[in-house]
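Enquirer:
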Amino acid sequence: MNPIHAHAATAARAELTAFSYQPEPLGPDDVEITISHCGICHSDLHLLDNDWQISSYPLVPGHEIVGQVAAAGTAVHNIEVGQRVGVGWLRGSCQSCDECLTGQDNLCAQGQATCVGHYGGFADRIRVDGRFAFAIPAGLASENAAPLLCGGATVYSPIRRLAAPHMRIGVIGIGGLGHLALQFARAFGCHVTALSSSPDKEGEARSFGAHEFIATGSPNALKQATGRFDLILSTVFAELDWTGLIQALRPNGRLVLLGAVGTPISVPAMYLILGQKSIQGSVIAGRPLIREMLEFASRHGIAARTEVMPMAQANAGLAHLRAGRARYRVVLAT
Ligand code: NAP
Ligand code: ZN
Ligand code: ZN
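Going by my numbering, the first residue of the sequence shown is number 46, and it counts up by one from there.
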């Protein structure tokens with residue numbers, strides 16, 4: 046069997062270097078995918094830096110994968126050899142717990158992440174459970190579809206579960222996740238506000254679907270939005286003005302955390318009690334919502350704005366994202 050050629054970090058915060066490994070035998074439920082594109086999600090940087098203390102090395106990042114099925118196990122019936130598919134954060138789950146059986150495999154305690162304890166998509170090929178490979182609708186170009194597999198799924202889930210067309214949604218952090226959230230929220234018919242620390246993103250944020258733009262860096266920026274939002278999606282991983290954001294919610298409003306903030310979130314209880322407001326997390330999306338999201342994106346012309354780089358330049362792509370310069374997702378092409 047040919048080894049898989051990948052790019053791996055051998056220690057926390059190390060540069061990626063060439064790395065080859067022999068894949069596990071193809072199980073009955075597995076597929077082998079020849080990778081054409083892989084997006085760089087900020088979670089890849091968190092993993093490379095071991096921010097979550099779950100990383101193991103060598104670490105091959107990459108969980109926004111698009112490619113072609115090269116081989117399929119005997120029990121794979123949902124996809125065929127030659128078909129174009131995508132793989133996101135999860136590459137497998139138990140398939141038998143309450144969460145898996147209700148289409149919420151993203152909440153499975155046995156969920157297997159594509160690049161935690163396994164080698165991810167910065168590679169020429171990958172083997173995963175075929176139930177976690179999703180057909181890519183014909184209307185989506187591979188480079189623009191790859192970021193939907195993690196970033197798109199992650200923002201689609203709370204919008205689909207918690208938003209309605211009459212609502213006002215705020216999206217804070219207009220990066221890989223945020224620019225997709227603006228597009229999905231607009232297509233759902235909501236009133237959409239982008240909240241960003243980068244005033245130069247205003248024009249593009251509006252082009253992605255924002256009706257309004259709030260530059261969060263200016264003093265008292267959030268004051269103008271007091272009592273405005275039914276739902277705020279935060280994609281930022283740094284500390285924010287949590288009290289200001291809670292005050293920006295309407296009664297019964299929700300602040301949904303998507304960005305992996307490492308510091309405790311402190312809000313006086315009365316700010317939540319009065320107005321029955323809540324803060325909650327949301328993690329990627331279950332398989333049914335990922336399938337639905339891809340179909341919805343295709344129908345509504347939703348796609349990631351990408352900067353494509355050769356996979357051999359993965360280190361440069363990671364540095365570009367780390368510097369906050371990605372507009373709006375770096376995608377590596379093999
Ligand atoms: P990204 O492309 O780097 O975007 C993050 C955005 O946050 C930036 O574009 C910037 O937007 C804002 N930002 C960055 N640093 C900031 C700072 N110091 N202060 C204020 N704002 C700052 O990252 P991403 O790929 O969208 O991922 C965002 C977060 O979501 C990461 O923590 C990632 O791990 C997490 N994530 C979570 C899930 C989940 O299932 N919950 C899934 C995928 C990713 P502005 O310039 O507009 O301020
Ligand atoms: Zn991700
Ligand atoms: Zn399960």
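We put the CB at the ideal spot given by N, CA and C, even for glycine.
Using the DSSP secondary-structure output, state which residues sit across from L240 in a beta bridge.
Expert: Stepping through the sequence shown from its first residue, residue 240 is reached at position 195. DSSP, once it has assigned bridges, lists I217, I259 as partnering L240.
Enquirer: Residues around ligand 2, please: the condition is that the C-beta lies closer than 5 Å to some non-hydrogen atom of it.
Expert: Those residues, listed in chain order, are C86, S88, C195.
Enquirer: Count the other CB atoms within 10 Å of the CB of D286; is the residue buried (16 or more) or exposed (fewer)?
Expert: For this step, residue 286 is matched to residue 241 along the sequence shown. Its Cβ having fewer than 16 others within 10 Å, D286 is exposed.
Enquirer: Just the C-alpha distance for I49 and S65, rounded to the nearest angstrom, thanks.
Expert: Within the sequence shown, residue 49 is the residue found at index 4, counting from 1. Within the sequence shown, residue 65 is the residue found at index 20, counting from 1. Rounded to the nearest angstrom, the two C-alpha atoms are 5 Å apart.
Enquirer: Say the cut is 8 Å; is the CB of L227 nearer than that to a heavy atom of ligand 1?
Expert: Translated into the one-based positions of the sequence shown, residue 227 becomes position 182. The answer is no for L227.
Enquirer: Counting C-beta neighbours from all protein chains within 10 Å, is the total for G221 16 or more, i.e. buried, or is it exposed?
Expert: Position 176 of the sequence shown, counting from 1, holds the residue named residue 221. Buried: at least 16 other Cβ atoms inside 10 Å.
Enquirer: Tell me, to the nearest whole angstrom, how far the beta carbon of C86 is from that of C153; I am working on the premise that it is less than 8 Å.
Expert: Numbered from 1 along the sequence shown, position 41 holds the residue referred to as residue 86. Numbered from 1 along the sequence shown, position 108 holds the residue referred to as residue 153. Between C153 and C86 the Cβ distance is about 20 Å, and since that is not below 8 Å, they are no contact.
Enquirer: Taking 8 Å as the cut-off, is the CB of W134 close to at least one heavy atom of ligand 1?
Expert: Residue mapping note: residue 134 aligns to position 89 of the sequence shown, counting from 1. For ligand 1, at least one heavy atom lies less than 8 Å from the Cβ of W134.
Enquirer: Under a three-way DSSP split, which group does Q228 fall into?
Expert: As a working mapping, residue 228 is identified with position 183 in the sequence shown. DSSP places Q228 in helix when its eight states are reduced to three.
Enquirer: Would you please state the rounded distance, in angstroms, between the beta carbons of V173 and G137? I believe it to be under 8 Å.
Expert: For the purposes of this step, residue 173 is taken as residue 128 along the sequence shown, with counting starting at 1. For the purposes of this step, residue 137 is taken as residue 92 along the sequence shown, with counting starting at 1. Correct: roughly 7 Å between the Cβ atoms.
Enquirer: Does the stretch 180 to 190 come within contact of the stretch 330 to 343, defined as at least 3 CB pairs closer than 8 Å?
Expert: Because the criterion of three Cβ pairs below 8 Å is met, the stretch 180 to 190 and the stretch 330 to 343 touch.
Enquirer: So who's on the other strand from C153, going by DSSP bridges?
Expert: Against the sequence shown, residue 153 aligns to sequence position 108. DSSP, once it has assigned bridges, lists no residue as partnering C153.
Enquirer: For V312, which of helix, strand or coil comes out of DSSP?
Expert: One-based indexing of the sequence shown puts residue 312 at position 267. DSSP places V312 in coil when its eight states are reduced to three.
Enquirer: Which ranges does the alpha helix (DSSP H) cover as unbroken runs of at least 4 residues, wholly within the stretch 74 to 146, from first to last along the chain?
Expert: With a minimum length of 4 residues, the continuous alpha helix (DSSP H) runs that stay inside the stretch 74 to 146 are 87 to 93, 143 to 146.
Enquirer: Are S241 and I219 closer than 9 Å when you measure CB to CB?
Expert: In the sequence shown, residue 241 corresponds to position 196, counting from 1. In the sequence shown, residue 219 corresponds to position 174, counting from 1. Yes, these two residues count as a Cβ contact at 9 Å.
Enquirer: Restricting to Cα atoms, I'd like to know which of G72, N47, N95, T62 is closest to G307.
Expert: Against the sequence shown, residue 307 aligns to sequence position 262. Checked all of G72, N47, N95, T62; the closest Cα to G307 is N95.
Enquirer: Is any non-hydrogen atom of ligand 3 found closer than 8 Å to the C-beta of Q157, if you look at the structure I gave you?
Expert: As a working note, residue 157 is residue 112 in the sequence shown. Every heavy atom of ligand 3 is 8 Å or more from the Cβ of Q157, so no.
Enquirer: Using the DSSP secondary-structure output, state which residues sit across from H50 in a beta bridge.
Expert: Within the sequence shown, numbered from 1, the residue matching residue 50 stands at position 5. Bridge partners of H50: S65.
Enquirer: I'd like to confirm something about A154: is its beta-carbon nearer than 8 Å to some heavy atom of ligand 3, or not?
Expert: By 1-based counting over the sequence shown, the position of residue 154 is 109. Within the cutoff, so yes.
Enquirer: Out of T79, C83, A53, D275, state which residue places its alpha-carbon closest to the alpha-carbon of N47.
Expert: On the sequence shown, position 2 is the one that residue 47 refers to. Ranking the options by Cα distance to N47, first place goes to T79.
Enquirer: Shortest alpha-carbon distance to I99 belongs to which of F233, Q157, S243?
Expert: Within the sequence shown, residue 99 is the residue found at index 54, counting from 1. When only C-alpha atoms are compared, the closest one is Q157.
Enquirer: Using a Cβ-Cβ distance cut-off of 9 Å, determine whether Q128 contacts chain D.
Expert: The structure shown contains no chain D, having only a single protein chain.
Enquirer: What does the Cβ neighbour count give for I217, buried or exposed, with the cut at 16 atoms within 10 Å?
Expert: As a first step, residue 217 must be located in the sequence shown, where it is residue number 172. Label assigned to I217: buried.
Enquirer: Comparing alpha-carbon positions, which option in H108, D74, L193 lies nearest H163?
Expert: Here residue 163 corresponds to residue number 118 of the sequence shown, with the count starting at 1. Residue H108 is the option with its Cα nearest to H163.
Enquirer: Helix or strand or just coil, what does DSSP make of I335?
Expert: Against the sequence shown, residue 335 aligns to sequence position 290. Three-state result, I335: helix.
Enquirer: Between which two residues does the alpha helix (DSSP H) holding Q292 run?
Expert: For the purposes of this step, residue 292 is taken as residue 247 along the sequence shown, with counting starting at 1. Note, Q292: alpha helix (DSSP H), 287 to 292.
Enquirer: Between L90, D75, L71, which lies nearest to H365 when the distance is taken from Cα to Cα?
Expert: Within the sequence shown, numbered from 1, the residue matching residue 365 stands at position 320. For the residues L90, D75, L71, the minimum Cα distance to H365 belongs to L90.
Enquirer: Under a Cβ-count criterion, where at least 16 other Cβ atoms within 10 Å of its own Cβ denotes burial, should W134 be classed as buried or exposed?
Expert: As a first step, residue 134 must be located in the sequence shown, where it is residue number 89. So W134 ends up on the buried side.
Enquirer: Do I110 and G131 have their beta-carbon atoms positioned less than 9 Å apart in this structure?
Expert: Taking the first residue of the sequence shown as position 1, residue 131 is located at position 86. Taking the first residue of the sequence shown as position 1, residue 110 is located at position 65. Contact flag set, yes.
Enquirer: In whole angstroms, give me the CA-to-CA distance for T159 and P106.
Expert: Working through the sequence shown from its first residue, we reach residue 159 at position 114. Working through the sequence shown from its first residue, we reach residue 106 at position 61. Computed Cα separation, rounded: 8 Å.
Enquirer: Among S252, V76, G326, A314, which residue has its Cα nearest to the Cα of F282?
Expert: For this step, residue 282 is matched to residue 237 along the sequence shown. The option with the nearest alpha carbon to F282 is G326.
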